[in-house]
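J.:
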Amino acid sequence: MSQLMNSLKNETSPYLLQHADNPVNWYPWGEQALELACQQNKPILLSIGYSACHWCHVMAHESFEDKPTADLMNQLFVNIKIDREERPDIDKIYQSAHLLIQRRPGGWPLTVFLSPHDQRPYFTGTYFPNQPRDGMPAFTDLLHKASEHFHANGDAVSEYGQILVNALTQVDTHQPAAEDPFSGHSLTAARETLERMFDGENGGFDTAPKFPNPTNLDRMMRHWRNTAHSSQDSESDQQAMFICALTLTRMAEGGIFDQVGGGFYRYSVDAEWTIPHFEKMLCDNAELLALYAHFWQISGDDTYRRIALDTVEWALREMRAPNGGFYSALDADSDGTEGQFYVWTPDEIRTILTDDEYSVFAPRYGLDNPANFAGSWHLRINTTLESIAAGVGQTPATVQQLIDAARNKLLTARATRTRPDRDDKILASWNALMIRGCAIAARALQEQQFAVVAAEALDFVRRHMVVDGRLYATYRDGQAKFNAYLDDYAFLLNATLELLQSRWDSEHLEFAIWLAERLLADFSDTKHGGFFFTASGHEQLIHRSKTMADEALPSGNGIAALALNRLGHLLAESKYLDAAIATIRAAGSALDEFPHAHASLVTALDEILDPAEIIVLRGEQEEISRWALAIGAIYTPKRLIYAIPNSVTNLPGALSARAPGDRSIAYICRGTSCSQPLTSLAAIAAALSD
Numbered sequence: 014m015s016q017l018m019n020s021l022k023n024e025t026s027p028y029l030l031q032h033a034d035n036p037v038n039w040y041p042w043g044e045q046a047l048e049l050a051c052q053q054n055k056p057i058l059l060s061i062g063y064s065a066c067h068w069c070h071v072m073a074h075e076s077f078e079d080k081p082t083a084d085l086m087n088q089l090f091v092n093i094k095i096d097r098e099e100r101p102d103i104d105k106i107y108q109s110a111h112l113l114i115q116r117r118p119g120g121w122p123l124t125v126f127l128s129p130h131d132q133r134p135y136f137t138g139t140y141f142p143n144q145p146r147d148g149m150p151a152f153t154d155l156l157h158k159a160s161e162h163f164h165a166n167g168d169a170v171s172e173y174g175q176i177l178v179n180a181l182t183q184v185d186t187h188q189p190a191a192e193d194p195f196s197g198h199s200l201t202a203a204r205e206t207l208e209r210m211f212d213g214e215n216g217g218f219d220t221a222p223k224f225p226n227p228t229n230l231d232r233m234m235r236h237w238r239n240t241a242h243s244s245q246d247s248e249s250d251q252q253a254m255f256i257c258a259l260t261l262t263r264m265a266e267g268g269i270f271d272q273v274g275g276g277f278y279r280y281s282v283d284a285e286w287t288i289p290h291f292e293k294m295l296c297d298n299a300e301l302l303a304l305y306a307h308f309w310q311i312s313g314d315d316t317y318r319r320i321a322l323d324t325v326e327w328a329l330r331e332m333r334a335p336n337g338g339f340y341s342a343l344d345a346d347s348d349g350t351e352g353q354f355y356v357w358t359p360d361e362i363r364t365i366l367t368d369d370e371y372s373v374f375a376p377r378y379g380l381d382n383p384a385n386f387a388g389s390w391h392l393r394i395n396t397t398l399e400s401i402a403a404g405v406g407q408t409p410a411t412v413q414q415l416i417d418a419a420r421n422k423l424l425t426a427r428a429t430r431t432r433p434d435r436d437d438k439i440l441a442s443w444n445a446l447m448i449r450g451c452a453i454a455a456r457a458l459q460e461q462q463f464a465v466v467a468a469e470a471l472d473f474v475r476r477h478m479v480v481d482g483r484l485y486a487t488y489r490d491g492q493a494k495f496n497a498y499l500d501d502y503a504f505l506l507n508a509t510l511e512l513l514q515s516r517w518d519s520e521h522l523e524f525a526i527w528l529a530e531r532l533l534a535d536f537s538d539t540k541h542g543g544f545f546f547t548a549s550g551h552e553q554l555i556h557r558s559k560t561m562a563d564e565a566l567p568s569g570n571g572i573a574a575l576a577l578n579r580l581g582h583l584l585a586e587s588k589y590l591d592a593a594i595a596t597i598r599a600a601g602s603a604l605d606e607f608p609h610a611h612a613s614l615v616t617a618l619d620e621i622l623d624p625a626e627i628i629v630l631r632g633e634q635e636e637i638s639r640w641a642l643a644i645g646a647i648y649t650p651k652r653l654i655y656a657i658p659n660s661v662t663n664l665p666g667a668l669s670a671r672a673p674g675d676r677s678i679a680y681i682c683r684g685t686s687c688s689q690p691l692t693s694l695a696a697i698a699a700a701l702s703d
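FYI, in our numbering the residues of the sequence shown are 14 to 703.
1) Based on DSSP bridge pairs, tell me the residues matched to alanine 436.
2) Start and end of the beta strand (DSSP E) containing isoleucine 61?
3) Hey, how far is the Cα of glycine 450 from the Cα of aspartate 368?
4) Kindly indicate which residue of Ser341, Asp315, Leu522 has the alpha-carbon position closest to the one of leucine 446.
5) Under 8 Å Cβ to Cβ from leucine 580, same chain only, skipping five residues before and after it: list those, please.
6) Are valine 37 and methionine 72 close, meaning C-beta to C-beta below 8 Å?
7) How many angstroms separate the CA atom of tyrosine 173 from the CA atom of alanine 548?
8) How many angstroms separate the CA atom of threonine 649 from the CA atom of isoleucine 114?
9) Could you tell me the alpha carbon to alpha carbon distance between glycine 313 and alanine 457, rounded to whole angstroms?
10) Restricting to runs no shorter than 3 residues, where is the beta strand (DSSP E) found entirely within the segment 95-181?
11) Valine 629 lies in the beta strand (DSSP E); which residues open and close that run?
12) State the DSSP-derived secondary structure class of proline 335, mapped to helix, strand or coil.
13) Residue range of the beta strand (DSSP E) that lysine 559 falls in?
14) Quick check: alanine 159 and phenylalanine 126, are their CB atoms within less than 8 Å of each other?
15) Determine the direct distance from the alpha carbon of isoleucine 572 to that of threonine 397, and round the result to whole angstroms.
16) What is the C-beta distance between glutamate 192 and histidine 198, in whole angstroms, given that I count them as a contact (C-beta under 8 Å)?
17) Expressed to the nearest angstrom, what Euclidean distance is found between the alpha-carbon atoms of aspartate 605 and lysine 22?
18) Can you pull the DSSP bridge partners for leucine 484?
19) Check this for me: beta carbons of glutamate 620 and serine 677, under 8 Å apart or not?
20) Sorry if obvious, but does the Cβ on alanine 625 come closer than 7 Å to a heavy atom of the ligand ATP?
21) Output the residue ranges of the alpha helix (DSSP H) runs that lie fully inside the segment 625-703 and measure 4 residues or longer, sorted by chain position.
22) Under 8 Å by Cβ, that's how I've got isoleucine 95 and leucine 47 pegged, so tell me the actual separation to the nearest angstrom.
23) Hey, arginine 393 and glutamine 272: beta-carbon distance below 8 Å or not?
24) How many angstroms separate the CA atom of proline 433 from the CA atom of isoleucine 697?
25) Relative to the C-alpha of glycine 404, which candidate in Arg377, Val465, Tyr63 has its C-alpha closest?
26) Hey, could you find the ends of the beta strand (DSSP E) lysine 3 is sitting in?
27) Since arginine 631 contacts isoleucine 657 with CB under 8 Å, what's their CB separation in whole angstroms?
28) Is the beta carbon of isoleucine 555 sitting closer than 8 Å to the one on aspartate 104?
29) Would you say the segment 341-352 touches the segment 428-442, given that touching needs at least three Cβ pairs under 8 Å?
30) Alpha helix (DSSP H) containing glutamate 208: first to last residue?
31) What distance in whole Å lies between the Cβ atoms of proline 289 and isoleucine 311, which are believed to be in contact at a cut-off of 8 Å?
32) Residue range of the alpha helix (DSSP H) that arginine 427 falls in?
33) Kindly indicate which three-state DSSP category valine 91 falls into: helix, strand or coil?
34) With a 10 Å radius around its C-beta and 16 neighbouring C-beta atoms as the bar for buried, classify asparagine 215 as buried or exposed.
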């Protein structure tokens, strides 16, 4: 069949467009492909990946660009290609199916063989090589066997598919917890389990491959803050803080952080954080930005402030669209080689730096050690500034100045290389994470320009990704696509509430209320509590997911519960509070048995049991902004500060009672009770619990 039948050329996804010239007759997911599979009684070969995925590129080069392999795919299957960032609904279903079938986690590329009549899977895998290797079959051998199995065992395939769909439903239906979730047991249990998983030498959790797991670190940081002044828990508090400090330090020193250009790579292939897979994702960096900004508040150590600033500056330089939104990802590969853009040789660096710069840069970043990546050097911090300073007879401050100058020169030199491809679609959920990260950085680092960045990104989403009263998940080339998912609504609600603390805008509050109303109307599981991943009017798939556990991103249910609880207390609106409580109940035994895997829900529970302290400031903008910075100077995640100028009127809900006066005033609310108006910063400080 002709290559001209490839149907991806009109798609907007950069990942799908990467495959538009394959000799495979690819289709996007949709009625055309599904109906064709039924008409021809051909099984569906579903391939799911994303543009920055290294192993997706490998499989594409080995198999999808190979004409004989493509001819076999076209002969035996209807071939569908999906960008998992556009269709996380489909990806979640078939990743869960892979786990049930293979009894091990999936990943990308995900390769799934589906019955054409009901899209139920009968075999799954991830990457397959073009020749047998490491116990894996050659992809062409698998194609023959998958096709033969379907045609020879039609009834069994159908029966197996029904069993699998029943299992997916059972996985998402949680039984009542053995222990009342509102006893607070899971807060302590999550902390204890994460401590057992902690790598006490290198930081992080578990072994290689090692991911940053920002949701778990945020949970430990919050646990420390909850118990920081409790004498009976003092030892545990110190250990929780040590877990965060060691992990954030080792990542900052390691190769998982781009030591020249800032920003974090996806994950480390080793336990020491030295060699990453080199893709850079907006979502990871957004969450880590918030963590490092918060940890600078806790520690006062400028190392963490520098990492936060380098991360946000990378995002502004390389990921920000002219319209204010943020792009999705940078590829791991350039010039067909993973990491090629980022690695160096000592000889190359010598030609760029002065002798003085090289004399401090080389020991700092391990250039005097053997190569650590395919004959090249991937930079990581190898020794302290003090040690280098002693060796060259300079002060640590002078050494740092030389290193900063060297980094700038290398960044300029690196910019002349072939850049990794950038996935320039804009995702609502990932932009929400970046809005939140920038809003937190603005307050924690007292860098108000980041609040402007966050506001511009939110305004982009509101202008371009809400069309005819409906939020869309993706945007590219002037087109918003795909009905938004739970994560889009929940993350945006949470981000908007964070941004309102950095700069008040009543239109943003109205947007937050609209998001909350849509969550309740379109996503609620009214029978069992919690939220489905897709809206009620969404395309019917083989399963409607309702995931509670954190994955690479925090659980949409966890963030929805947290944000609804906060909005409910801010406005004194019981339906939002009730929805948050119902979400915790819906997690049931999963939260009881595996609290560490549900850290975002544990954090929501934490704030349900001990509601955030809400401080509403009214007055002239300059003075109440100064008050807000002073009150928020220390890390207090359960203290929400909203500085609302006197010029703002017609506030909704309980905010209407926070009336302005003839001078600046503050209202401090805990749960359902609020203080009398306070008229000075000293009075506010005296009234606060810390």
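The beta-carbon is built from N, C-alpha and C at its ideal position, and this holds for glycine as well.
T.: Reading it off the structure:
1) Sequence index remark: in the sequence shown, residue 436 carries index 423 (1-based). Checking the sequence shown, residue 436 turns out to be aspartate, not alanine. Partner(s): Ala342.
2) Within the sequence shown, numbered from 1, the residue matching residue 61 stands at position 48. Start and end: 57-62.
3) Numbered from 1 along the sequence shown, position 437 holds the residue referred to as residue 450. Numbered from 1 along the sequence shown, position 355 holds the residue referred to as residue 368. Approximately 39 Å, taken between the alpha carbons.
4) Working through the sequence shown from its first residue, we reach residue 446 at position 433. Nearest option by C-alpha distance: Ser341.
5) Working through the sequence shown from its first residue, we reach residue 580 at position 567. So the list reads Leu506, Leu510, Ala525, Ile526, Ala529, Glu586, Tyr589, once near-sequence residues are dropped.
6) What you label residue 37 is simply residue 24 of the sequence shown in a count that begins at 1. What you label residue 72 is simply residue 59 of the sequence shown in a count that begins at 1. Going by C-beta atoms, valine 37 is not nearer than 8 Å to methionine 72.
7) Here the question's residue 173 lines up with position 160 in the sequence shown. Here the question's residue 548 lines up with position 535 in the sequence shown. Between tyrosine 173 and alanine 548, the C-alpha separation is close to 28 Å.
8) As a position in the sequence shown, residue 649 is number 636, starting the count at 1. As a position in the sequence shown, residue 114 is number 101, starting the count at 1. Between threonine 649 and isoleucine 114, the C-alpha separation is close to 44 Å.
9) Stepping through the sequence shown from its first residue, residue 313 is reached at position 300. Stepping through the sequence shown from its first residue, residue 457 is reached at position 444. So the two alpha carbons sit approximately 11 Å from each other.
10) 123-127, 134-138
11) Working through the sequence shown from its first residue, we reach residue 629 at position 616. Per DSSP, valine 629 belongs to the beta strand (DSSP E) from 626-632.
12) As a first step, residue 335 is located in the sequence shown; it is residue number 322 there, counting from the start. Correct three-state label for proline 335: coil.
13) The count along the sequence shown starts at 1 and reaches residue 559 at position 546. Per DSSP, lysine 559 belongs to no beta strand (DSSP E) and is neither H nor E.
14) Position 146 of the sequence shown holds residue 159. Position 113 of the sequence shown holds residue 126. Yes, these two residues count as a Cβ contact at 8 Å.
15) As a position in the sequence shown, residue 397 is number 384, starting the count at 1. As a position in the sequence shown, residue 572 is number 559, starting the count at 1. Whole-angstrom Cα-Cα distance: 39 Å.
16) In the sequence shown, the residue the question calls residue 192 occupies position 179. In the sequence shown, the residue the question calls residue 198 occupies position 185. Indeed they touch by this definition, with Cβ atoms about 5 Å apart.
17) To locate residue 605, count along the sequence shown from 1; it is residue 592. To locate residue 22, count along the sequence shown from 1; it is residue 9. Distance between the alpha carbons of aspartate 605 and lysine 22: 48 Å.
18) Along the sequence shown, one-based indexing puts residue 484 at 471. According to DSSP, leucine 484 bridges with Val479.
19) The sequence position of residue 620 within the sequence shown is 607, counting from 1. The sequence position of residue 677 within the sequence shown is 664, counting from 1. Cβ atoms of glutamate 620 and serine 677: not closer than 8 Å.
20) Ligands are entirely absent from the displayed structure, and the ligand ATP is therefore not among its contents.
21) 634-644, 694-700
22) Taking the first residue of the sequence shown as 1, we reach residue 95 at position 82. Taking the first residue of the sequence shown as 1, we reach residue 47 at position 34. Not quite, the Cβ-Cβ distance comes to about 13 Å (not below 8 Å), so this is no contact.
23) In the sequence shown, the residue the question calls residue 393 occupies position 380. In the sequence shown, the residue the question calls residue 272 occupies position 259. Yes, Cβ-Cβ distance for arginine 393 and glutamine 272 is below 8 Å.
24) Reading the sequence shown from its first residue, position 420 is the one you call residue 433. Reading the sequence shown from its first residue, position 684 is the one you call residue 697. Each residue's alpha carbon lies about 51 Å from the other.
25) Counting from 1 along the sequence shown, the entry for residue 404 is found at position 391. It is Arg377.
26) Because the chain is modelled from 14 through 703, residue 3 falls outside the range shown and cannot be assessed.
27) Sequence index remark: in the sequence shown, residue 631 carries index 618 (1-based). Sequence index remark: in the sequence shown, residue 657 carries index 644 (1-based). 6 Å between Cβ atoms; contact.
28) Taking the first residue of the sequence shown as 1, we reach residue 555 at position 542. Taking the first residue of the sequence shown as 1, we reach residue 104 at position 91. Contact: no.
29) yes
30) Here residue 208 refers to the residue found at position 195 when the sequence shown is read from its first residue. 198-210 is the extent of the alpha helix (DSSP H) around glutamate 208.
31) Counted from its first residue, the sequence shown places residue 311 at position 298. Counted from its first residue, the sequence shown places residue 289 at position 276. Not quite, the Cβ-Cβ distance comes to about 26 Å (not below 8 Å), so this is no contact.
32) Working through the sequence shown from its first residue, we reach residue 427 at position 414. Start and end: 409-427.
33) Against the sequence shown, residue 91 aligns to sequence position 78. Residue state, collapsed to three classes: strand.
34) For this step, residue 215 is matched to residue 202 along the sequence shown. Answer is buried; the Cβ neighbour count reaches 16.
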